[in-house]
Structures are given as C-alpha cells and as structure tokens.
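2 protein chains.
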Amino acid sequence: MKIAVIGTGSVGGTLGRGWARAGHEVVFGTRDPGQADVARLTAESGARAAAVAEAAAGAEVVALAVPWGAVRDALRQAGGLQGKIVLDCTNPLKPDLSGLDIGSSAASAAEQVAAWAPGARVVKIFNSTGFNNMADPRYPEGPAAMLYCGDDAAAKEAAGRLAVDLGFEPIDAGPLAEAPLLEALALLWIHLAYRQQLGREIAFRLMRR
Amino acid sequence: MKIAVIGTGSVGGTLGRGWARAGHEVVFGTRDPGQADVARLTAESGARAAAVAEAAAGAEVVALAVPWGAVRDALRQAGGLQGKIVLDCTNPLKPDLSGLDIGSSAASAAEQVAAWAPGARVVKIFNSTGFNNMADPRYPEGPAAMLYCGDDAAAKEAAGRLAVDLGFEPIDAGPLAEAPLLEALALLWIHLAYRQQLGREIAFRLMRR
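So the sequence lines, in the order shown, correspond to chains A and B.
Residue 227, in our numbering, is where the first sequence stops; the numbers in between run on with no holes.
Residue 227, in our numbering, is where the second sequence stops; the numbers in between run on with no holes.
As structure tokens, this is what we get:
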C-alpha cells in the first residue's frame, strides 16, 4: 500500500521502517524533509520523506504519529483526507503522563481526529503499546495483541493487515466509539512500564482457550 | 484470612468458592442468608452465609461483588469498615453494557467506594475479567493477569496474594487513582467477549521479555 507516516519520532520511524521492510511504499510526512534525522531515517529504511501535504496527497493510508498537541496542525497541513484510511496512533497524554487530556469535549483523541478530518476513514490503532513492541512484537508466549477500532470495515481490515505485517496479532475491538478504552489501555501500558517500573519490554496478549 | 464476600452472584460465588478451597475462612454476606441459591453455595463451598453486617464485622478482608447500583446499600449494611481491606470487584456498567456510569463525579467506582467507606483500605481488583477466568485463570500460555491498584501497600500485598490463590498472575498497577484504567479494561474485556463475540474464554496476559 501507499502509506504516508506523519511524524518521524520513535513511533512514526518504527512504523515506517517496518512497513517499508514489508514491501509497502512509505513516505514520511514532515515539516522539514531535509533534516539530518529524517535523512538518516530515509537512508536506513528506503522510504522517502516529503512535506506533509505531498506525503498525504499520494497515500491511501495516512498514519498519524505526532504528539497530540501537533495533531490538528498536521491534519491541516495534510489537507483533504476524504476517503483515505487514517490510522490514529496518538494518545492525548498530559505532559507529565499522569492522565489523558483531549483538550475538547470529544470522548477520545480518535473521535476528535475524525471530527477534524471529515470523510476520513479513521482507525484507532498502534497507540496502545511502545515503539519497541512495534519494532518487534514477538514474545516467548506469542505475538503481542494490537487492538484497533473504527467504523469502516474495509479500513479496519487494511489496518489489521498492517498490524500483521509488523508481527502483531490484530484484535478488532469494535467501532470508533471504543477508542476511549484503547487510549486508556495505552496509559495503562505507559504507567506499568514507567511508574511501576516494569520497563518497556512488556506487552499485552489476548489469550484464548 | 477471614474474608467476607458481599454478593453471591457469579463473581462473588466464584471468588468465595476459590478462597474457601484455598483454605481461607469465607463468609458470604447477603440480604437473605436463607435463600436456596445461597444454601447451595455454602453447601458446595464449605463457606458460611450471614447478613452483610455480621459477615463484614468478623472479616479482615471484605470483597464487594454486587452490581454497581447495590454497592452503596451494601456498604451501609456493612457498617464501619475502618482499617479493613476492601476489595472493590465492581464495575459501574450502564445497564446495556455500552459504557461506564459511576453516577457521581468520582473518577472511578473504586474512588467512589473509598469515599463511601472512610478509613477502609480499598484495593481495586477482580473487576477486569470474567468469573469464568476467576474460576480458572490458566491458559495454554500461562496464567491470566490480575491487575490491581490501591493506596495501602499492605492491603495491596494481601490482595495480590488472594489473586495468586486463585491462580492469577498479580500485576500491581499503582495507586487507587489508576482505577479508571482498570475499569476501562473491564469494559474492553466485556466488549470483546460479547459485542465482538470472542466469547468469555479470553483473558489478558502481561508478557515480559
């Protein structure tokens, strides 16, 4: 697929590298495609970098991987996203990581993203675990779970396949209205990793019997 | 330990049976100790049944396992719980299971319980998975996780041991202020089991590497 990854930090970089390795056509969308960090990322991944508008315009899938405070601007730069699959990988974290603050009356970051990007087929995914698990979701017991939710069946199916491409076990959690639960799951992972000092090499698995 | 289990439904019954089997002294607290269902439960578990006030008075640990709408009344019947360990196993579920509604401005059911039971050492635990997993938390990959949180270290340690007694892997999620995340995790489990039709034989595990 043609994927624009908006954001070149730990999460965006990891997702873009992983999908490029899996054979997808990845373009990193960034405010400064000429930056040294971005040049390193494109050199090592084989992906391109472009301005956000250009990256988004040519993509079927747009993955949002910028800090929550930068999401609205990124969506403005991306321009019209009607019909595109938008993967919301963000979490509306308070600066001290103590909780979530969307900064609006939306029930979740994902629903706020959907309101800001009319016509986009938003899927909440790649928000509930660390970038280290996105780089390698394999654990002794099996792959980590990647929970996702959204209102467009085809968009969700594509998102689930992109999770499989990274090695995750995809778990469909339902409509986009479930996003508050996935954002709470992200905060739980963060608090276990950092506050409870279990470290980043932890991941949830959904077991079945 | 001397444990009062308030509630004789699926969750309360399962917890009480499990702890009685593990050698604890269990008393079910119920409005009607003479009811046929309760008689069956005590006969098969070897636990006793008593009025809520009597059960709570003699207990070191009080496990709340009644529907959210009945919690305040149960706490009133229980009387003073100062110094006791109170395990909040409840979820403030809307009747249609679509979401959570505490019915107050508290951030979580657990924090509301703490406000209603001054001096009690409240631990949120045994709320985030189904009673079937409480009856047997073993899966092929290993034991299911039982996440818990609270503000009293000794109470949390006791709660964690009671999770181990049932076969769970206990995971300390931090202070009682984390309870909203554990209540969201409960709703996620419920939605995966029922709405997403994965069934009740699913459980989260926290993997490490």
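All residues carry an ideal CB built from backbone N, CA and C; glycine is no exception.
No experiment lies behind these values; they were computed from the predicted model shown.
Continuous beta strand (DSSP E) stretch holding residue i: start and end
i, result
"residue 24(A)", "20 to 24"
"residue 143(B)", "Taken as a continuous stretch (DSSP letters only), residue 143(B) belongs to no beta strand (DSSP E), as it is neither H nor E."
"residue 105(A)", "103 to 106"
"residue 217(A)", "Per DSSP, residue 217(A) belongs to no beta strand (DSSP E) and is neither H nor E."
"residue 47(B)", "43 to 47"
Enclosing alpha helix (DSSP H) for residue i [first to last residue]
i, result
"residue 191(A)", "Where residue 191(A) is concerned, there is no enclosing alpha helix (DSSP H), given that its DSSP letter is neither H nor E."
"residue 58(B)", "54 to 63"
"residue 34(A)", "28 to 39"
"residue 153(A)", "149 to 153"
CA-to-CA distance, residue j to residue i, given in whole angstroms
i, j, result
"residue 102(B)", "residue 63(A)", "57 Å"
"residue 42(B)", "residue 36(B)", "9 Å"
"residue 198(A)", "residue 153(B)", "29 Å"
"residue 24(B)", "residue 146(A)", "34 Å"
"residue 191(A)", "residue 52(B)", "42 Å"
"residue 86(B)", "residue 117(B)", "13 Å"
"residue 60(A)", "residue 183(A)", "19 Å"
"residue 122(B)", "residue 130(B)", "8 Å"
"residue 227(B)", "residue 187(B)", "16 Å"
"residue 33(B)", "residue 210(B)", "23 Å"
"residue 112(B)", "residue 214(A)", "31 Å"
"residue 194(B)", "residue 219(B)", "28 Å"
"residue 49(A)", "residue 108(A)", "18 Å"
"residue 19(A)", "residue 175(A)", "13 Å"
"residue 84(A)", "residue 38(A)", "19 Å"
"residue 89(B)", "residue 54(A)", "58 Å"
"residue 148(A)", "residue 31(A)", "12 Å"
"residue 80(B)", "residue 208(B)", "25 Å"
"residue 110(B)", "residue 120(B)", "5 Å"
"residue 77(B)", "residue 124(A)", "44 Å"
"residue 137(B)", "residue 161(B)", "33 Å"
"residue 91(B)", "residue 22(B)", "16 Å"
As assigned by DSSP and simplified to three states, the class of residue i
i, result
"residue 159(A)", "coil"
"residue 168(B)", "strand"
"residue 227(B)", "coil"
"residue 99(A)", "coil"
"residue 66(B)", "strand"
"residue 178(A)", "helix"
"residue 111(A)", "strand"
"residue 125(A)", "coil"
"residue 202(B)", "helix"
"residue 221(B)", "strand"
Own chain partners of residue i with C-beta closer than 7 Å, once the 5 adjacent residues on each side are dropped
i, result
"residue 156(A)", "185"
"residue 159(A)", "223"
"residue 40(B)", "183"
"residue 217(A)", "211"
"residue 65(A)", "34, 38, 44, 45 and 46"
"residue 128(A)", "106, 140, 142, 194 and 197"
Own chain residues within Cβ distance below 8 Å of residue i, not counting five before or after
i, result
"residue 212(B)", "115"
"residue 97(A)", "71, 74 and 75"
"residue 206(A)", "none"
"residue 93(A)", "82, 99, 131, 134 and 135"
"residue 57(B)", "67"
"residue 203(B)", "146, 165 and 222"
"residue 29(B)", "83, 107, 144, 149 and 152"
Proximal residues to residue i (C-beta, below 6 Å), its chain only, five neighbours per side dropped
i, result
"residue 222(A)", "163"
"residue 139(B)", "103, 170 and 173"
"residue 143(B)", "105, 166 and 177"
"residue 126(A)", "197, 198 and 201"
"residue 224(A)", "163 and 189"
"residue 180(A)", "none"
"residue 141(A)", "105, 166, 168, 173, 174 and 177"
"residue 26(A)", "46, 48, 56 and 59"
"residue 95(B)", "70 and 71"
Distance cut-off 8 Å: residue i Cβ against heavy atoms of the ligand SAH
i, result
"residue 45(B)", "By its list of ligands, the structure shown contains no ligand whatsoever, and the ligand SAH lies outside what it can speak to."
4-residue-minimum alpha helix (DSSP H) runs that sit fully inside the region 70 to 95 of chain A, ordered along the chain: 70 to 75
Chain C contacts from the region 208 to 222 of chain B (Cβ-Cβ distance under 9 Å): The displayed structure is made up of protein chains A and B, and chain C is not among them.
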